[in-house]
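So the sequence lines, in the order shown, correspond to chains A and B.
Here the first sequence is numbered in our numbering, starting from 1 and rising by one per residue.
Here the second sequence is numbered in our numbering, starting from 165 and rising by one per residue.
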Amino acid sequence: MTVTAVRKDPQRITLTVEAEFDARVDRVWQLWADPRQLERWWGPPAYPATFTKHELAPGSRVEYHMTAPSGDQPHGYWDILEVEPPRRILLRDACSNADGTPNPESTIRVEIKEVAPGRTRMSIETVFPSTAAMEQALANGTDVGLSQAVSQIEAILAEETIHR
Amino acid sequence: MRRAISAEEGVLELAGHYPMSFAAVQKHVAVLERAGLITKERIGRRKVVRTNLKALLVARRLLDQYEGLWRARIDRMNALIAETAGPVDTVRTKESKR
């Protein structure tokens, strides 16, 4: 089991995931610092990400796009707020609409630390400004697609209403 | 939040339930309001706080989906690390002591 803890706070719309890897801190850092490695995990194989601009420095903008099975290429970017190699990144993830306007974003805090020799813990905290922003992030980041996610939510809400 | 679900209370009454200042409670209420999880409504002289239960349910559901997304990402990270793990990664070197 790599994921060691998951915390969900619906009131703050925050998700924290902790995972441990059998690798050194520097190796785990490369997952974020090397764009070619990022491309191998940010998107699922059927919906891969391509990073076209990547520099982890405060004030820098990292740019990427996803490639959907349909050929659609939604664009996203990270505004890097804080970086402390090889253990900390604070970034704002956003996606741009077709007309170039930004969409509501999430703030992602990554912390990497050694828990034992050769064992490294990564904690990723994602904070969303609203549920709408979260739906958007899911639509762009998964192959599930927004319509499917929304229909699931509607089914659940309908159920809740009946039970009340 | 729990109190807002069970009863409609004003910000002032809400503040009375918590060991924090009125200003602190007001700040929490403002954050929840911005996130769309609660609404404030003026009834007479009181400001009543109402939970947006639907939004809360949606938030919880979306967080579940987002958890799935990150779990899949971490699986891929792990596979990537396993793939490149050679003597450099498995053998302790003096580099790890810094």
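Don't be surprised by glycine CBs; every beta carbon is placed ideally from N, CA and C.
Note that the coordinates shown come from a computational prediction; the quantities given were computed from them, not determined experimentally.
#1: Assuming A/R24 contacts A/T131 (C-beta within less than 8 Å), just tell me the rounded distance between them.
#2: At a cut of 8 Å, does the segment 56-63 of chain A reach the segment 105-121 of chain A through at least three beta carbon pairs?
#3: Take A/Y77 as the anchor and find which of A/V83, A/P85, A/S70, A/M66 has the nearest alpha-carbon.
#4: I'd like to know whether the C-beta of A/E63 is nearer than 8 Å to at least one C-beta of chain B.
#5: Can you tell me whether A/M122 is helix, strand or coil according to DSSP?
#6: Taking all protein chains shown into account, do 16 or more other C-beta atoms lie within 10 angstroms of the C-beta of A/Q73, making it buried, or fewer, making it exposed?
#7: Please work out which residues of its chain come closer than 6 Å, Cβ to Cβ, to A/P35, disregarding the five sequence neighbours upstream and downstream, and give them in chain order.
#8: For A/E135, would you say it is in contact with chain B, using Cβ-to-Cβ distances shorter than 8 Å as the test?
#9: Under 8 Å: do the segment 24-33 of chain A and the segment 207-224 of chain B share three or more Cβ pairs, one atom per stretch?
#10: Buried or exposed for A/S106, please, with buried defined as at least 16 other CB atoms from any protein chain shown within 10 angstroms of its CB.
#11: Using a threshold of 8 Å, state whether the C-beta atoms of A/T16 and A/E84 are closer than that.
#12: Provide the residue span of the alpha helix (DSSP H) that contains B/Y230, from first to last.
#13: Can you name the residues that DSSP bridges to A/D79?
#14: For A/P129, which residues in chain B fall below 9 Å Cβ to Cβ?
#15: Is the beta carbon of A/P10 less than 8 Å from the beta carbon of A/A46?
#16: How big is the Cα-Cα spacing for A/R61 and B/A246?
#17: Got a sec: is the Cβ-Cβ distance from A/P44 to anything in chain B below 8 Å?
#18: Can the beta-carbon of A/L138 be found closer than 8 Å to that of B/L196?
#19: Got a sec: is the Cβ-Cβ distance from A/T107 to anything in chain B below 8 Å?
#20: A/R119: beta carbon under 7 Å from a heavy atom of the ligand FAD?
#21: Would you mind telling me which residues of chain A sit closer than 9 Å to B/A179, beta carbon to beta carbon, in chain order?
#22: From B/A236 to A/L90, what distance separates their C-alpha atoms?
#23: Using CA coordinates, which residue listed in A/F128, A/Q136, A/S123 is at the minimum distance from A/T4?
#24: Taking buried to mean at least 16 other C-beta atoms within 10 Å of its own C-beta, is B/T215 buried or exposed?
#25: Give every residue of the same chain whose Cβ lies closer than 6 Å to the Cβ of A/R92, excluding the five residues on either side of it in the sequence, and list them in chain order.
#26: Can you pull the chain B neighbours of A/W41, defined as C-beta to C-beta under 7 Å?
Taking the geometry as given:
#1: A Cβ-Cβ separation of about 38 Å leaves A/R24 out of contact with A/T131 under the 8 Å criterion.
#2: Look at the beta carbons and you see the segment 56-63 of chain A not touching the segment 105-121 of chain A: under three pairs across the two are nearer than 8 Å.
#3: Ranking A/V83, A/P85, A/S70, A/M66 by Cα distance to A/Y77 puts A/M66 first.
#4: Cβ-Cβ to chain B under 8 Å: no for A/E63.
#5: If DSSP states are grouped into helix, strand and coil, A/M122 belongs with the strands.
#6: It is exposed - the Cβ of A/Q73 has fewer than 16 other Cβ atoms within 10 Å.
#7: Cβ neighbours of A/P35 beyond the five flanking positions: F51, H54.
#8: Taking CB atoms only, A/E135 has a neighbour in chain B less than 8 Å away.
#9: Touching, no.
#10: When all chains shown are included, A/S106 counts as buried.
#11: Taking 8 Å as the cut-off, the beta carbon of A/T16 is found no closer than this to the beta carbon of A/E84.
#12: Secondary structure note for B/Y230: its alpha helix (DSSP H) is the uninterrupted segment 217-248.
#13: Bridge partners of A/D79 according to DSSP: A/R61, A/R92.
#14: Neighbourhood of A/P129 in chain B, by CB distance below 9 Å: R198, A199, in chain order.
#15: Cβ atoms of A/P10 and A/A46: not closer than 8 Å.
#16: About 30 Å.
#17: Residue-level contact by beta carbon holds for A/P44 and chain B, with a gap shorter than 8 Å.
#18: No.
#19: Interface annotation, A/T107: not in contact with chain B, CB-CB separation never under 8 Å.
#20: No copy of the ligand FAD occurs in the structure displayed, which carries no ligand at all.
#21: Those do not exist, as B/A179 stays about 17 Å from chain A at its closest Cβ, beyond 9 Å.
#22: A straight line joining the alpha-carbon of B/A236 with that of A/L90 spans about 21 Å.
#23: It is A/S123.
#24: With 16 or more neighbouring CB atoms inside 10 Å of its own CB, B/T215 falls in the buried class.
#25: Only D79, E105, T107 meet the Cβ criterion.
#26: The answer, in chain order, is R237, R240, M241, L244.
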